[in-house]
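Student:
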Amino acid sequence: SGNDNRTFCKENGIETSFTQKGRTGKNEVKNATKRELARVRATAMEGSFGTQKEHYGLRKIAARIKSTEIMLIFFGIHTANVVNLARRESVQVALAA
11 SGNDNRTFCK ENGIETSFTQ KGRTGKNEVK NATKRELARV RATAMEGSFG
61 TQKEHYGLRK IAARIKSTEI MLIFFGIHTA NVVNLARRES VQVALAA
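Numbering-wise, the sequence shown is residues 11 to 107 according to the working numbering.
#1: When the Cα atoms are used, what is the spatial distance from residue 42 to residue 49?
#2: Mind checking which residues open and close the alpha helix (DSSP H) that includes residue 15?
#3: For residue 47 and residue 37, I'd like the C-alpha separation in whole angstroms.
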């Protein structure tokens, strides 16, 4: 975007998402890498939780209060962990036999 667009938006109080003008900072590459890693981790975490929510029937539960919602997430995560632990235990028992 040119200076005219920037000036017009600023004068009229319009928020923009224009990229910054000028040279990129020294740490811009490092920051971009950090942002990408954070995005990938967040995507994996959300996908994992969505899968668990679907698999363990937590989708049917609708929480209306923040504390209840946190409790349901807590139990959902622990339910998934217990199921994974039980699966690993059964594999180890089968291998030992």
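Don't be surprised by glycine CBs; every beta carbon is placed ideally from N, CA and C.
Computed from a prediction, not measured in an experiment: that's the story for all the values here.
Tutor: Considering the structure as presented:
#1: For the purposes of this step, residue 42 is taken as the residue at position 32 of the sequence shown. For the purposes of this step, residue 49 is taken as the residue at position 39 of the sequence shown. Straight-line Cα distance between these residues: approximately 11 Å.
#2: What you label residue 15 is simply residue 5 of the sequence shown in a count that begins at 1. If you look at residue 15, you'll find it in the alpha helix (DSSP H) that goes 13 to 21.
#3: Your numbering for residue 47 matches position 37 in the sequence shown. Your numbering for residue 37 matches position 27 in the sequence shown. Spanning the two alpha carbons is a distance of roughly 15 Å.
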